[in-house]
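First the structure, in the form of structure tokens, and then the observations on it.
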Ligand code: GDP
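Residue numbers (the working numbering): 434 to 715.
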């Protein structure tokens, strides 16, 4: 569910995340593989600074595989542990517990040094709305969610889900809001379903998409809308697509709202193929 954020909401969400962080050993941050930077709140780095963190590039089935590789490289260069997953189909999810163990090795070593048999590692799923947090939790829990009761000294409402023998997940994910400072970030969030349709402008969003596709995926655009050439003027291109799709109002003028919606829906329904809306800058 998309959530609309107000300052009060934001402060509360941050507090809730901070509370949850106190209970766990490892953070599993989920981002959208199509927009790995736009789909994270930069505050997450600061919030989770003293916890090992694994980043899941989720919805990889919808992203451009070549660009996803560039992102993996980008994250690895920063020494951030990363896995590419498609949680809807469960791809890549099996590797998560193993990666978590690797990341928590210093903690496990501490247990061993004290001669204690290590307890299960506690992990928190964290991410913006709609990025796939619940889907990942269900996948990791293998759909058979086992509630294992409260921990002493822990808020009663917190429940833990067993993932194999060596890992436990908090049953409610940490939710952070996306960052809207940059308009392009807003467009990317709108296109990927991270924000409610009522709060963005279809025409502006579609024009953003057309500009981006003209630059990054011109052939897909030509193929989908049966165009020989792509006009350099995005308004002309928009008109052309409207005409091709028969989105006309009386007098033969193009119906902008309808055209914008068609472009938007085609993207959302994957009719333009696997597309990433963001590439690493370097
Ligand atoms: P949450 O708000 O972060 O908990 O997100 P959800 O788990 O509810 O997922 C939001 C939407 O994204 C749902 O419609 C999911 O089916 C879909 N989704 C989640 N993961 C994937 C994925 O890896 N691939 C695709 N194609 N869709 C996904």
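Cβ coordinates follow ideal geometry from the N, Cα and C atoms, glycine included.
Exercise. What do you reckon, are the CB atoms on residue 541 and residue 459 nearer than 8 Å?
Worked result: no
For this session: Pull every residue with its beta-carbon under 6 Å away from any heavy atom of ligand 1, and keep them in chain order.
Result: My final list is 491, 492, 494, 495, 519, 520, 521, 560, 562, 563, 564, 565, 566, 567 and 568.
Problem set entry | Simplified DSSP state of residue 491, which is helix, strand or coil | strand
For this session: Specify, as a first and last residue, the run of the beta strand (DSSP E) that residue 516 falls within.
Result: 514-517
Exercise. Quick one: is residue 683 buried, meaning 16 or more other Cβ sit within 10 Å of its Cβ, or exposed?
Worked result: Under this definition residue 683 is an exposed residue.
Problem set entry | Close-in-space but distant-in-sequence residues of the same chain around residue 453 (CB under 7 Å, 5 per side omitted) | Closer than 7 Å at Cβ, skipping near neighbours: 557, 603 and 607.
Problem set entry | First through last residue of the beta strand (DSSP E) which encompasses residue 479 | Segment 476-480 is the alpha helix (DSSP H) holding residue 479; no beta strand (DSSP E) there.
Problem set entry | Environment of residue 613 [buried if 16+ CB atoms lie within 10 Å] | exposed
For this session: Kindly provide the ranges of any alpha helix (DSSP H) runs that are 4 or more residues long and lie completely inside the stretch 651-679, ordered along the chain.
Result: 651-658 and 667-677
For this session: Please classify residue 658: is it buried, with 16 or more other beta-carbons within 10 angstroms of its beta-carbon, or exposed?
Result: Buried, since its Cβ has 16 or more Cβ neighbours within 10 Å.
Problem set entry | For residue 621, the three-state DSSP class (helix, strand or coil) | helix
For this session: Leaving out five residues on either side along the sequence, give the residues of the same chain with a beta carbon under 7 Å from the beta carbon of residue 704.
Result: Excluding residues within five positions, the ones whose Cβ falls inside 7 Å are 657.
For this session: Within 10 angstroms of the Cβ of residue 483, are there 16 or more other Cβ atoms? Answer buried if so, exposed if not.
Result: By the neighbour-count criterion, in which a residue is buried when 16 or more other Cβ atoms sit within 10 angstroms of its Cβ, residue 483 is exposed.
Problem set entry | Delimiting residues of the alpha helix (DSSP H) encompassing residue 556 | Counting along the chain, residue 556 falls outside any alpha helix (DSSP H), though it belongs to the beta strand (DSSP E) covering 554-560.
For this session: Report, in whole angstroms, the separation of the C-beta atoms of residue 466 and residue 490, which I expect to be a contact under 8 Å.
Result: 4 Å
For this session: Give a yes or no on contact between the stretch 591-605 and the stretch 638-655, applying the rule of three or more CB pairs nearer than 8 Å.
Result: no
Problem set entry | Other residues of its chain near residue 507: CB distance less than 6 Å, five sequence neighbours each side excluded | 713
Exercise. In terms of residues, what are the limits of the alpha helix (DSSP H) holding residue 504?
Worked result: Run containing residue 504: 498-510, per the alpha helix (DSSP H) assignment.
Exercise. For residue 563, does the count of other Cβ atoms within 10 angstroms reach 16, so buried, or fall short, so exposed?
Worked result: buried
Problem set entry | Rounded straight-line distance, which links the Cα of residue 697 to that of residue 471 | Straight through space, the alpha carbons of residue 697 and residue 471 are spaced by roughly 18 Å.
Exercise. Tell me, which residues are paired with residue 682 by DSSP?
Worked result: 686
For this session: Given a cut-off of 8 Å, decide if residue 494 and residue 522 are closer than it, judged by their beta-carbon atoms.
Result: Contact annotation: residue 522 and residue 494 have beta-carbon atoms nearer than 8 Å.
Problem set entry | Where residue 440 falls, given that 16 or more other Cβ within 10 Å makes a residue buried | Exposed: under 16 other Cβ atoms inside 10 Å.
For this session: Below 7 Å CB to CB, which residues in the same chain sit around residue 573 once its five sequence neighbours on both sides are set aside?
Result: 526, 529, 596 and 602
Exercise. Rounded to a whole number of angstroms, what is the C-alpha to C-alpha distance between residue 680 and residue 671?
Worked result: Distance between the alpha carbons of residue 680 and residue 671 is about 11 Å.
Exercise. Considering residue 527, what are the terminal residues of the beta strand (DSSP E) in which it resides?
Worked result: Per DSSP, residue 527 belongs to no beta strand (DSSP E) and is neither H nor E.
Exercise. Residue 464 bridges to which residues according to DSSP?
Worked result: Answer by DSSP bridge pairing, in chain order: 490.
Problem set entry | Environment of residue 405 [buried if 16+ CB atoms lie within 10 Å] | An answer regarding residue 405 cannot be provided, because it is not within the stretch 434 to 715 covered by the chain.
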